[in-house]
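Here the structure is laid out as structure tokens; the discussion comes afterwards.
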Amino acid sequence: MTFSEFHFIRPYWLLVFIPLLVFIFLSVKSKLRQGSWQAVCDADLLPFVLQEKESRQSHMPLITGSLATILAIIALAGPTWQRIPTPVFRNAAALVIALDLSRSMDAGDIKPSRLKRAHYKISDLLKKRQDGQTALVVYANSAFTVTPLTDDTETINSQLSALSSDIMPAQGSNSALAINKSVELFKNAGLQKGQILLITDDDQIEQALQQSELPSAYQLSILGVGTNEGAPIKLAQGGFLKDSSGNIVLAKLNSRALQEVALSGGGIYQQITDTDADIERLSSHFERTAKHGEALENDLLLENWVESGVWLLLPILFLSAFSFRRGLLGLAFIFLLPIPKNSYAFEWQDLWQTKEQQAQQQYIDGNYQQAAEQFSDSAWRAAAQYKANTKVAEEETLPQATTDTGFYNQGNVLAKSGQLEKSIESYEQALKLNPDNQDAQYNKELVEKELKKQQQQQNQDNKDQNKDQSDKQQNEQGEQSEGDPEQQDQDGEQSENSQEQQEPENNDQQDSKPEQENDQEAEKKSSESNKPEEEQAESTQASEEDIQDSEQQQANEQWLKRIPDDPSGLLKRKFKYQYGRQQQRKNSAQQW
Numbered sequence: 023m024t025f026s027e028f029h030f031i032r033p034y035w036l037l038v039f040i041p042l043l044v045f046i047f048l049s050v051k052s053k054l055r056q057g058s059w060q061a062v063c064d065a066d067l068l069p070f071v072l073q074e075k076e077s078r079q080s081h082m083p084l085i086t087g088s089l090a091t092i093l094a095i096i097a098l099a100g101p102t103w104q105r106i107p108t109p110v111f112r113n114a115a116a117l118v119i120a121l122d123l124s125r126s127m128d129a130g131d132i133k134p135s136r137l138k139r140a141h142y143k144i145s146d147l148l149k150k151r152q153d154g155q156t157a158l159v160v161y162a163n164s165a166f167t168v169t170p171l172t173d174d175t176e177t178i179n180s181q182l183s184a185l186s187s188d189i190m191p192a193q194g195s196n197s198a199l200a201i202n203k204s205v206e207l208f209k210n211a212g213l214q215k216g217q218i219l220l221i222t223d224d225d226q227i228e229q230a231l232q233q234s235e236l237p238s239a240y241q242l243s244i245l246g247v248g249t250n251e252g253a254p255i256k257l258a259q260g261g262f263l264k265d266s267s268g269n270i271v272l273a274k275l276n277s278r279a280l281q282e283v284a285l286s287g288g289g290i291y292q293q294i295t296d297t298d299a300d301i302e303r304l305s306s307h308f309e310r311t312a313k314h315g316e317a318l319e320n321d322l323l324l325e326n327w328v329e330s331g332v333w334l335l336l337p338i339l340f341l342s343a344f345s346f347r348r349g350l351l352g353l354a355f356i357f358l359l360p361i362p363k364n365s366y367a368f369e370w371q372d373l374w375q376t377k378e379q380q381a382q383q384q385y386i387d388g389n390y391q392q393a394a395e396q397f398s399d400s401a402w403r404a405a406a407q408y409k410a411n412t413k414v415a416e417e418e419t420l421p422q423a424t425t426d427t428g429f430y431n432q433g434n435v436l437a438k439s440g441q442l443e444k445s446i447e448s449y450e451q452a453l454k455l456n457p458d459n460q461d462a463q464y465n466k467e468l469v470e471k472e473l474k475k476q477q478q479q480q481n482q483d484n485k486d487q488n489k490d491q492s493d494k495q496q497n498e499q500g501e502q503s504e505g506d507p508e509q510q511d512q513d514g515e516q517s518e519n520s521q522e523q524q525e526p527e528n529n530d531q532q533d534s535k536p537e538q539e540n541d542q543e544a545e546k547k548s549s550e551s552n553k554p555e556e557e558q559a560e561s562t563q564a565s566e567e568d569i570q571d572s573e574q575q576q577a578n579e580q581w582l583k584r585i586p587d588d589p590s591g592l593l594k595r596k597f598k599y600q601y602g603r604q605q606q607r608k609n610s611a612q613q614w
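Read in order, the letters of the sequence shown correspond to residues 23 to 614 in the numbering used here.
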């Protein structure tokens, strides 16, 4: 490149020269006006009229400040005269993992099972992928996308525990559909090539490559899971899977057929091992293929202009050092300030992550309460509230729901916070929108049972309390009734004495006065003695209520822990819905 192509990337910055020239003109004019005193004033009087002698004044700060500002404007305008080549395509090193979820993957010839071992291998493979995009597809009689192509391997890793043969709507082992689904993901992402890893034990895979639509730009590798001897297929309800004739099915691995299909697909075949040798070999193959593709893409280049204004930074700093004394540099840069914008308070993390990303990080770190406060998405906020066991006290804090899944999440949050009646209403709304929502139906029944149990417990507590009060009243009445015969005996004795002795009335009145005084003193003492007993009874009743509340809270927490937190239910409903929308195909004759 030559200087004939010199230009500015941002030429509008050159307009700042206009106010700068005005500033320089006014500064020079002020200097000249100050120097004109020598023409009208005697030289001996100049020291008393002017602050400094003209000889002591220096134009250096103005000159250096002006030069520094000029260079800064030129740098901001983006001077350039050369270009550098840049690759057009970024090497994505795309990989789609297709996992077989047929019943044969539940065989136990490798421990703990073929499917569990496949989970471990996928996790190890994801850890070794430093860059590139990865997707996950599962298949049986049909193929479904679990995670599209993404750079976030942690998302794929978090989904592995939910993958089982039970979530598939129809059984079989249609590897051709898995290959077609993988190719579809590549094309939707605009990738012209990629790698497909088929993790399967399909013993009838010979026709898969012929039935699939695999372009030559996409390579197919296979990780065989199982042993050539095979093993029976365990069922979830107990026993082993049997064929139509009643014989126990023995799932065997056809290594030779899998190897031939992998070679025909341009990839490699690797049988699963107890060590990391299988993952090491597959990872090396994927990296080697990616580097080869990168070398081919280097021929497709795009030339970008290189900014050279950064080289003016050193002279700008050098000249600015001479302008700090008079402060001219600060005044000059006022003209470079853009129009002020509204300022907002922010934290250090706001410079690097959005609020949603910060909330997601808080959720991953286990800080569910902070995540619930930061999430703006209602679904994620509901999940964080559920994990944090947040008590929802106001309607504004509830996740807004418009779908059956939203009402289901809302019901979970309410149930977690102990608001059982409102949670039942949310589950009912979810079932109105989707009557087939099995999770909502199950949680609704579970909450209804717990609510009924609490009501029965509350009724029993009320009965016990009423019974205690009635017993207390009966005891008080019994004490009063026991005191009446004594009074009657005293009256009888007084009447007999009055009849036998027949003393004068004045003596009876004198005798009755001390008796009345004694009765009043006794009543006063008895009332004073009853006060601490009443206070003690009230405090005992309050403590019993506190104990009942704490026990009830513990019971609620134990019950909430029994609510299943199973993401496989969501995938099962999703696949069932997608399977219903697909064109109806015949079920596979082989159900494993």
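For glycine and all other residues, C-beta sits at the position ideal for the given N, C-alpha and C.
- prompt: By Cβ distance below 8 Å, which residues in the same chain neighbour Glu-525 in space, the five residues on each side in sequence not counted?
  reply: Low local confidence applies: a pLDDT of 44 at Glu-525 is under 50, so the model's placement there is unreliable, and no value is given.
query: Can we say the segment 144 to 157 touches the segment 112 to 128, given the rule of at least three CB pairs closer than 8 Å?
result: At 8 Å Cβ cutoff, the stretches touch.
- request: Measuring alpha carbon to alpha carbon, tell me which of Trp-402, Gln-193 and Asp-174 ends up nearest Arg-151.
  value: Nearest in C-alpha terms to Arg-151, of all of Trp-402, Gln-193 and Asp-174, is Asp-174.
- prompt: The beta strand (DSSP E) spanning Ala-120 covers which residue range?
  reply: For Ala-120, the uninterrupted beta strand (DSSP E) segment begins and ends at 117 to 122.
- prompt: Cβ of Pro-254 versus every heavy atom of the ligand NAD: is any distance shorter than 8 Å?
  reply: In the structure on display, the ligand NAD does not appear, and there are no ligands present to speak of.
query: Assuming Ile-244 and Pro-254 make a contact with CB atoms under 8 Å, what is their CB distance in whole Å?
result: Rounded to whole angstroms, the Cβ separation of Ile-244 and Pro-254 is 24 Å, and the two are not in contact under 8 Å.
- request: Decide yes or no for the touch test of the segment 217 to 231 against the segment 262 to 269: beta carbon pairs closer than 8 Å, at least 3 of them.
  value: Cβ pair count under 8 Å is below three, so no.
- request: Pull up the distance between the alpha-carbon of Lys-598 and that of Gln-383, whole angstroms please.
  value: Distance between the alpha carbons of Lys-598 and Gln-383 is about 32 Å.
Beta carbon of Ala-140 nearer than 9 Å to that of Leu-121: For Ala-140 and Leu-121, yes; Cβs fall inside 9 Å.
message: I need the straight-line Cα distance from Leu-473 to Leu-453, nearest angstrom please.
response: Cα to Cα, Leu-473 sits roughly 19 Å from Leu-453.
task: Report all residues from its chain with a CB closer than 6 Å to the CB of Glu-537; omit the five preceding and five following residues, and keep chain order.
output: With a pLDDT of 44 at Glu-537, under the threshold of 50, the modelled position of this residue cannot be trusted; read the value that follows with caution. Around Glu-537: no qualifying Cβ.
message: Please report the distance separating the alpha-carbon of Thr-86 from that of Ser-342.
response: Cα to Cα, the separation comes out at about 7 Å.
Own chain residues within Cβ distance below 7 Å of Glu-417, not counting five before or after: Model confidence at Glu-417 stands at a pLDDT of 46, short of 50, so the residue's coordinates are unreliable; what they give is reported in the following sentence. Non-local C-beta neighbours of Glu-417 in its own chain, meaning closer than 7 Å and more than five positions away in sequence, are absent.
task: Please state if the CB of Ser-135 and the CB of Ser-195 are separated by a distance shorter than 9 Å.
output: For Ser-195 and Ser-135, no; Cβs fall outside 9 Å.
message: Does the structure place the segment 181 to 188 close enough to the segment 202 to 222 that three or more beta carbon pairs sit under 8 Å?
response: As far as the Cβ criterion goes, the segment 202 to 222 does not touch the segment 181 to 188, which means the pair count is below three.
message: Considering just the uninterrupted stretch of the beta strand (DSSP E) at Ser-243, what are its terminal residues?
response: Residues 240 to 246.
message: Using a Cβ-Cβ cutoff of less than 6 Å, which residues in the same chain neighbour Ala-462 once the five nearest sequence positions on both sides are dropped?
response: So the qualifying residues of the chain are Tyr-430, Tyr-449, Ala-452 and Leu-453.
message: According to DSSP, is Val-328 part of a helix, a strand, or is it coil?
response: DSSP, read as helix, strand or coil, puts Val-328 in coil.
Check whether Asp-223 and Met-127 have beta carbons under 9 Å apart: With contacts defined as CB atoms closer than 9 Å, Asp-223 and Met-127 qualify as a contacting pair.
- request: Over the uninterrupted alpha helix (DSSP H) stretch that includes Ala-279, give me the two end residues.
  value: Ala-279 -> alpha helix (DSSP H) spans 277 to 286.
- prompt: Quick one, which of Gly-216, Gln-292 and Tyr-34 has its alpha-carbon nearest Thr-249's?
  reply: Out of Gly-216, Gln-292 and Tyr-34, Gln-292 has the C-alpha closest to the C-alpha of Thr-249.
field: Endpoints, beta strand (DSSP E) assigned at Phe-166
entry: Under the DSSP assignment, Phe-166 falls in the beta strand (DSSP E) whose first and last residues are 165 to 172.
field: Residue of Arg-403, Leu-436 and Lys-143 minimising C-alpha distance to Ser-305
entry: Nearest of Arg-403, Leu-436 and Lys-143 to Ser-305, Cα basis: Lys-143.
message: Can you tell me which residues form a DSSP beta bridge with Ile-270?
response: Note: Ile-270 is bridge-paired with Lys-264 in the DSSP secondary-structure output.
For Leu-147, the nearest candidate out of Leu-36, Gly-428 and His-307 (CA to CA): Nearest of Leu-36, Gly-428 and His-307 to Leu-147, Cα basis: His-307.
Reduced DSSP secondary structure (H/G/I, E/B, other) of Pro-41: Here Pro-41 sits in helix by DSSP.
field: Residue closest to Ala-273, alpha-carbon to alpha-carbon, out of Gln-281, Gly-252, Gln-478 and Glu-282
entry: Among Gln-281, Gly-252, Gln-478 and Glu-282, the Cα nearest to that of Ala-273 belongs to Gly-252.
- request: Apply the 10 Å Cβ neighbour rule to Ala-404 and answer buried if 16 or more other Cβ atoms are within range, or exposed otherwise.
  value: With 16 or more neighbouring CB atoms inside 10 Å of its own CB, Ala-404 falls in the buried class.
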